[in-house]
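Visitor: Handing you a structure now.
2 protein chains.
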Amino acid sequence: MSKELSTEEKIREAAKNVFIAKGFDGCTSREIAKAAGMNVALVNYYFCSKKQLFKLVFEAVLEDFMLSTIEVFRKDLSLESKMRIFIEREFEFLTSHPDIPRFILSELSRGDKCEFDHAGILDKIASTGVFEELLEAQEKGVIRKIDLTNIMLLIMSNCHYPFMAKPLMKYLNNLSEEQYQERLMLQKQYVTEMLIGYLFNPKTNS
Amino acid sequence: MSKELSTEEKIREAAKNVFIAKGFDGCTSREIAKAAGMNVALVNYYFCSKKQLFKLVFEAVLEDFMLSTIEVFRKDLSLESKMRIFIEREFEFLTSHPDIPRFILSELSRGDKCEFDHAGILDKIASTGVFEELLEAQEKGVIRKIDLTNIMLLIMSNCHYPFMAKPLMKYLNNLSEEQYQERLMLQKQYVTEMLIGYLFNPKTNS
DNA sequence: AACAATTTTAAACAAGCGTTTAAATTAATT
DNA sequence: AATTAATTTAAACGCTTGTTTAAAATTGTT
């Protein structure tokens, strides 16, 4: 635990936590400064404005979120193994960062905050070769012929939503935190089986 | 289009739209009043405070959202047919109200706004007999033996998330509104097939 | 028509917002 | 050690926030 973070880094780190927890509209510059143990004016000294600080934080979080688990597709494994490991790691990442999907979708949905620079993300995903691999597998009849957007949606739906819906599910079903974590680990298995079963070996299904 | 709404109803209606679009933190009392064509003071005259108005709106939206499509389980159809029709109507409802899932999950995740009264919702869902029907189907081996919480999660993930993720998916994949609507309609089919295939006839799968 | 109750309005309130300023402090350079 | 630059601070700026007030306008009642 090296406490050797610069003032700028401390503010950026605190801002990330506060923004993710409360959203851009739900927090104040003073709250961020206090969380970083700093004076309010320092936020603008280093980042010009709350808006600009948010833009920096959001872009970093989005990139980290989209790229953290995609690396598995560079490995030399079968597509099915990659898919299983990808889902495994996606659940692992979200267990540590359960608020990030909601944060990203919420802030993106009111996009007038600032224009986000996402240019590189899809390119970096593409650089793993995952898209070519999927298309090739479709032509070989290994996986179902579905638009990649829909495949992404199927996988992301089943990985992200269980974490986003935690307050609702705990509330409706009166579950403790531990109980919900149990359901999450079960959900990971079900989701993996279901997605693999649906996407792969399409000849036996349709 | 009867414009015969009372002042109170006009404010409630405007508040619903503004809250759903911008969130509790993202809008002001004056904005709601203007959207209703009313004076600011009238908001507090009829609803005491912004917080209380929000609580009323949120509870109504949540109840409407959770109950709008569950009625199909009262019908006299096979469980599989009910499931298909349920998903169909869920997508239909969300096509008209695409922002509601994100609204509910966002506002619930920072629950200190006010305590929400949800007591009746699960009871009303239970009154359709859907839970008994599912448990019975599980004992008969018709559907996979999975905790109801996980079944709910599977269905809700695949119905809600595609609408919540619209800004992200349009952005990442450079899709027009029309193109995304196309994917949504395809997604409905895929989700239906996948869920039915996974949940039903479990003997042939595991 | 006169009165009372309800509804609507404009104006104001203190408190908090993002941001700026200018002075105080620390660090770097000569 | 003296001087300059960079950092940090406390205080203030104008503005918006949620809410309240008290008067005006409308409606209902006798």
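Protein sequence lines, in the order shown, are assigned to chains Z and V. Taken in order, the first sequence gives residues -8 to 197; the numbers are from my numbering. Taken in order, the second sequence gives residues -8 to 197; the numbers are from my numbering. Don't be surprised by glycine CBs; every beta carbon is placed ideally from N, CA and C.
Using CA coordinates, which residue listed in F191/V, K179/V and K25/V is at the minimum distance from R80/V?
Guide: On the second sequence, residue 80/V is found 89 positions in, with the first residue counted as 1. Ranked by how close their Cα comes to the Cα of R80/V, the residues F191/V, K179/V and K25/V have K179/V in first place.
Visitor: Locate the alpha helix (DSSP H) running through S100/Z, then write down its first and last residues.
Guide: Counting from 1 along the first sequence, the entry for residue 100/Z is found at position 109. Segment I91 to S100, the alpha helix (DSSP H) holding S100/Z.
Visitor: May I ask you to verify whether the region 90 to 103 of chain V touches the region 145 to 158 of chain Z, counting CB pairs closer than 8 angstroms and requiring at least 3?
Guide: yes
Visitor: Taking its Cβ as the centre, do 16 or more other Cβ atoms sit within 10 Å of T86/Z, making it buried, or is it exposed?
Guide: For the purposes of this step, residue 86/Z is taken as the residue at position 95 of the first sequence. When all chains shown are included, T86/Z counts as exposed.
Visitor: Helix, strand or coil, according to DSSP, for F191/Z in the structure here?
Guide: In the first sequence, the residue the question calls residue 191/Z occupies position 200. DSSP places F191/Z in strand when its eight states are reduced to three.
Visitor: With a Cβ-Cβ cutoff of 8 angstroms, do E98/V and F15/V count as a contact?
Guide: Counting from one through the second sequence, the residue named residue 98/V turns up at place 107. Counting from one through the second sequence, the residue named residue 15/V turns up at place 24. It is a contact, given that the beta carbons lie within the stated cut-off.
Visitor: Does the region 23 to 31 of chain Z come close enough to the region -5 to 2 of chain Z that 3 or more CB-CB pairs lie under 8 angstroms?
Guide: yes
Visitor: How about M185/Z: is its C-beta nearer than 8 angstroms to some C-beta of chain V?
Guide: Mapped onto the first sequence, residue 185/Z falls at position 194. It does: the Cβ of M185/Z has a partner Cβ on chain V nearer than 8 angstroms.
Visitor: For N141/Z, is the classification buried or exposed, using 16 other Cβ atoms within 10 angstroms of its Cβ as the cut-off for buried?
Guide: Sequence index remark: in the first sequence, residue 141/Z carries index 150 (1-based). So N141/Z ends up on the buried side.
Visitor: With D114/Z as the anchor, note down where its alpha helix (DSSP H) starts and where it stops.
Guide: Position 123 of the first sequence, counting from 1, holds the residue named residue 114/Z. Taken as a continuous stretch (DSSP letters only), the alpha helix (DSSP H) holding D114/Z covers A110 to A117.
Visitor: Are any of the Cβ atoms in chain Z nearer than 8 angstroms to that of L159/V?
Guide: Along the second sequence, read from residue 1 onward, the residue named residue 159/V stands at position 168. By this cut-off, L159/V is an interface position.
Visitor: Could you round the C-beta distance between L70/V and V133/V to whole angstroms and report it? I think they count as a contact, below 8 angstroms.
Guide: One-based indexing of the second sequence puts residue 70/V at position 79. One-based indexing of the second sequence puts residue 133/V at position 142. At roughly 7 angstroms, the Cβ-Cβ gap stays under 8 angstroms, so L70/V and V133/V are in contact.
Visitor: If Y189/Z and M185/V are in contact, beta carbons under 8 angstroms, what's the gap, nearest whole angstrom?
Guide: Locating residue 189/Z in the first sequence gives position 198, counting from the first residue. Locating residue 185/V in the second sequence gives position 194, counting from the first residue. Right, their Cβ atoms sit about 4 angstroms apart.
Visitor: Looking at F64/V and E130/V, is the spacing between their C-beta atoms short of 8 angstroms?
Guide: Residue mapping note: residue 130/V aligns to position 139 of the second sequence, counting from 1. Residue mapping note: residue 64/V aligns to position 73 of the second sequence, counting from 1. Result no, Cβ atoms of E130/V and F64/V do not sit closer than 8 angstroms.
Visitor: Using a Cβ-Cβ cutoff of 7 angstroms, what residues of the region 0 to 13 of chain Z are near chain V? List them in chain order.
Guide: K13
Visitor: Using CA atoms only, rank isn't needed, just tell me which of L96/Z, E173/Z and Y36/Z is closest to E50/Z.
Guide: For this step, residue 50/Z is matched to residue 59 along the first sequence. Of all alpha-carbon atoms in L96/Z, E173/Z and Y36/Z, the one lying nearest the alpha-carbon of E50/Z is that of L96/Z.
Visitor: Determine the burial state of R21/Z: buried for a count of at least 16 other Cβ atoms within 10 Å of its Cβ, exposed for fewer.
Guide: Position 30 of the first sequence, counted from the start, is the residue given in the question as residue 21/Z. Exposed, by the Cβ-count rule.
Visitor: To which residues does DSSP link Q134/Z through a beta bridge?
Guide: Along the first sequence, one-based indexing puts residue 134/Z at 143. It should be pointed out that residue 134/Z corresponds to Ile in this sequence rather than to Gln. F191/Z.
Visitor: Between which residues of its own chain and L44/Z is the CB-CB distance below 6 angstroms, once the five residues before and five after are set aside?
Guide: Walking along the first sequence from the start, residue 44/Z turns up at place 53. The residues are A6 and F38.
Visitor: Measure the alpha-carbon distance for T19/Z versus K46/V and round it to whole angstroms.
Guide: What you label residue 19/Z is simply residue 28 of the first sequence in a count that begins at 1. What you label residue 46/V is simply residue 55 of the second sequence in a count that begins at 1. Cα-Cα distance, rounded: 23 angstroms.
Visitor: For I146/V, tell me which candidate among F10/V, K13/V, A12/V and I78/V has the shortest Cα-Cα distance.
Guide: Within the second sequence, the letter at position 155 stands for residue 146/V. Per the Cα distances, I78/V.
Visitor: Taking only three categories from DSSP, how would you classify A27/Z?
Guide: As a working note, residue 27/Z is residue 36 in the first sequence. Of the three classes helix, strand and coil, the one that applies to A27/Z here is coil, per DSSP.
Visitor: Just to confirm the assignment: which complete alpha helix (DSSP H) runs, minimum length 4, are found wholly within the region 144 to 179 of chain V?
Guide: 157 to 164
Visitor: For N196/V, count neighbouring Cβ atoms within 10 angstroms of its own Cβ and tell me buried if that reaches 16, exposed if not.
Guide: Position 205 of the second sequence, counted from the first residue, corresponds to residue 196/V. Low confidence applies to N196/V: its pLDDT is 49, below 50, so where it sits in the model is not reliable, and the reading given next is rough at best. Flag for N196/V reads exposed.
Visitor: For M147/Z, go through chain V and note every residue whose CB falls closer than 8 angstroms to its CB, in chain order.
Guide: Within the first sequence, the letter at position 156 stands for residue 147/Z. Per Cβ cutoff of 8 angstroms: Y152 and A156.
Visitor: If we define contact as Cβ-Cβ less than 8 angstroms, is L44/V a contact residue for chain Z?
Guide: Sequence index remark: in the second sequence, residue 44/V carries index 53 (1-based). Answer no: the Cβ-Cβ gap between L44/V and chain Z never drops below 8 angstroms.
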